[in-house]
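Peer 1:
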Amino acid sequence: MFNQNEFRNAKYAKVLSNEICRLNDGRQTRIVHVCGTHEHTISHSGIRSLLPREIDLVAGPGCPVCVSAAEDIDMAIELVRKGHIIVSFGDMIRVPSTSSSLGKERVRGGDIRVVYGPNEAIEVARKNPDKEIVFVGVGFETTAPAMAVELLKGPPENFSILTSLKLVPPAMEILMNQDGFSVDGFITPGHVSVIIGTNAYGSIAEKYKVPCVAAGFEPLDVLESIRMILLQIEEGRAESENEYTRVVRPEGNLAAQKVLEDTFRIDAAPWRGLGVIAHSGYFPRAELAAHDAREKFEFPPLDSVDILPGCICHKVVIGIADPMECPLFGKRCVPENPYGPCMVGYEGTCRIRHESKFD
Amino acid sequence: MCLAVPGLVESIEDDYADVDFGGVRKKVCVTLLPGLEVGEYVIVHTGYAIERMKPEEAKKTLALWDEMAEMAAKMEK
Chain R
0 MFNQNEFRNA KYAKVLSNEI CRLNDGRQTR IVHVCGTHEH TISHSGIRSL
50 LPREIDLVAG PGCPVCVSAA EDIDMAIELV RKGHIIVSFG DMIRVPSTSS
100 SLGKERVRGG DIRVVYGPNE AIEVARKNPD KEIVFVGVGF ETTAPAMAVE
150 LLKGPPENFS ILTSLKLVPP AMEILMNQDG FSVDGFITPG HVSVIIGTNA
200 YGSIAEKYKV PCVAAGFEPL DVLESIRMIL LQIEEGRAES ENEYTRVVRP
250 EGNLAAQKVL EDTFRIDAAP WRGLGVIAHS GYFPRAELAA HDAREKFEFP
300 PLDSVDILPG CICHKVVIGI ADPMECPLFG KRCVPENPYG PCMVGYEGTC
350 RIRHESKFD
Chain C
0 MCLAVPGLVE SIEDDYADVD FGGVRKKVCV TLLPGLEVGE YVIVHTGYAI
50 ERMKPEEAKK TLALWDEMAE MAAKMEK
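Chains R and C, in that order, are what the protein sequence lines are. Start counting the first sequence at 0; every next residue gets the next number (numbering that gives the first Met the number 0). Start counting the second sequence at 0; every next residue gets the next number (numbering that gives the first Met the number 0).
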């Protein structure tokens, strides 16, 4: 069995850390990643402690439940209150929306179930033919193909999906134009890149003159991607490169891209804290309307509030504020009782910071 | 959320494969990997194999770091 333990070997970590220090040469460098799983690796492996002080390694909007609009959750809450069964991934259940969360609705008697994958949601629909089953489909390009596979197979009539699916490159472009945001290099998300390929970031690298490197999720993958970014900076290049060569291809997974194209249209989508971003969300195509919860059910006007008073998640999510700057952090807002979305899942920047031993 | 883990394909039947995750076996949907064969490694996300994993590419990365480690050792001498 192949194992990736060598990608945690301290011998290489020392070499990479020294090389990063040499290449950076005392410059102020700001590196942004856009993946919650990267932040998890970085915080829990103490990657920041291996970098020179001048390198600022910042978490961008890479946690799907953190950027899911309150409106999407409020819609799901409406449906569960009508007696329908809501199915989703575990993290989504705990995300606070305007005045409740799916978890709180479950305590009040709502039928809300957690699954590992979309095929399990289909199973729930088959076993409950007299009920409507709505799958709250949250995720990025990595997760969307799994949902597309199930929608194309022809799910049962009582199954529909409430998509909260987002695309990463449009969010990176929005970041570039945010006040107060600056970046010298992007670590691009490894498993999003599996689907879309490293070629997908080429235009961002070129247009904004910013190196982009797709990285894997072992500690040394992250260090190597930082080294590759610094090498690009030193050589005056700004390209989309691939560190995660054992998995990611430049063109991505073409079969998955075809499945996505057959299932979803790309349209403007609301991001929590970032507002509506053009061409940044997947929604079921018109021919799949029978399985699109937004088409199947009527919703009252929802006055959804993305960011509750006092919360700074909208700034944390784009890396312009640190969780420690939030007066609620660790007090009113804790993993057991999150007030803001970034304190919920293992990919949320606040939750990770709260639990990390290193930072 | 974008967590995905590598495993070894042990058998394939239609759209599903039995995948060994270092001792834990699970049925995985392989629709997204046409032409997949037994003995290949895959990366699995929410129960769906999303890409093949190539051990030979991992070896190339490790060889590069070995080279860097050797050079660093020489410099120290």
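Glycine included, C-beta positions come from ideal geometry on N, C-alpha and C. Here the structure is a predicted model, which means the values were calculated and not measured.
#1: Which word fits R/D73, buried or exposed, when buried means at least 16 other C-beta atoms lie within 10 angstroms of its C-beta?
#2: Would you verify that the beta carbon of C/I49 is, or is not, closer than 8 Å to some beta carbon of chain R?
#3: Look at R/V86 and R/F134 and say whether their C-beta atoms are less than 8 Å apart.
#4: Is DSSP giving R/H278 helix, strand or coil here?
#5: What would DSSP say about R/S202, mapped onto helix, strand or coil?
#6: Provide the residue span of the alpha helix (DSSP H) that contains R/V66, from first to last.
#7: Quick one: is R/E233 near chain C, going by C-beta distance under 8 Å?
#8: Suppose you measure from the CA of R/M171 to the CA of R/E122; what does that come to, to the nearest Å?
#9: Does any residue of chain R bring its CB to less than 8 Å from the CB of C/A16?
#10: Short of 9 Å Cβ to Cβ, which residues in the stretch 30-45 of chain C face chain R?
#11: Does the structure place the stretch 108-127 of chain R close enough to the stretch 258-269 of chain R that three or more beta carbon pairs sit under 8 Å?
#12: Report yes if the C-beta distance between R/I351 and R/I30 is below 8 Å; otherwise report no.
#13: Can you pull out the residues from the stretch 121-136 of chain R whose beta carbon lies closer than 9 Å to at least one beta carbon of chain C?
#14: Using alpha carbons as the reference points, say which of R/D178, R/N176, R/E223 lies closest to R/L22.
#15: Have a look at C/V37 and R/R248 and give me their C-alpha separation to the nearest angstrom.
#16: Rounded to whole angstroms, what's the CA-CA distance from R/V316 to R/P60? Just pull it up for me.
#17: So, under 8 Å CB-CB, R/V14 and C/A71 are touching, yes? Tell me the CB distance rounded to an integer number of Å.
#18: Establish whether the CB of R/G116 and some CB of chain C are separated by less than 8 Å.
#19: What are the uninterrupted segments assigned as alpha helix (DSSP H) that are 4 or more residues long and contained completely in the stretch 276-357 of chain R, given in chain order?
#20: Quick one: grab the DSSP three-state call for R/H37.
#21: Could you tell me whether the stretch 32-39 of chain R touches the stretch 4-12 of chain R, using the rule of 3 or more Cβ pairs below 8 Å?
Peer 2: Checking against the coordinates, here is how it stands:
#1: buried
#2: yes
#3: yes
#4: strand
#5: helix
#6: 63-66
#7: no
#8: 36 Å
#9: So, not an interface residue.
#10: Taking 9 Å as the Cβ-Cβ cut-off, the stretch 30-45 of chain C approaches chain R at T30, L31, L32, P33, Y40, I42, H44, T45, given in chain order.
#11: no
#12: no
#13: For the stretch 121-136 of chain R, the set of residues with a beta-carbon nearer than 9 Å to any beta-carbon of chain C is empty.
#14: Put simply, of R/D178, R/N176, R/E223 the residue whose alpha carbon is nearest the alpha carbon of R/L22 is R/E223.
#15: The C-alpha of R/R248 is placed about 21 Å away from the C-alpha of C/V37.
#16: 5 Å
#17: At roughly 5 Å, the Cβ-Cβ gap stays under 8 Å, so R/V14 and C/A71 are in contact.
#18: yes
#19: Runs of alpha helix (DSSP H) with 4 or more residues, each lying fully within the stretch 276-357 of chain R, are found at 292-295, 312-315, 348-354, listed in chain order.
#20: Here R/H37 sits in helix by DSSP.
#21: Counting C-beta pairs closer than 8 Å gives fewer than three between the stretch 32-39 of chain R and the stretch 4-12 of chain R, which falls short of the contact rule.
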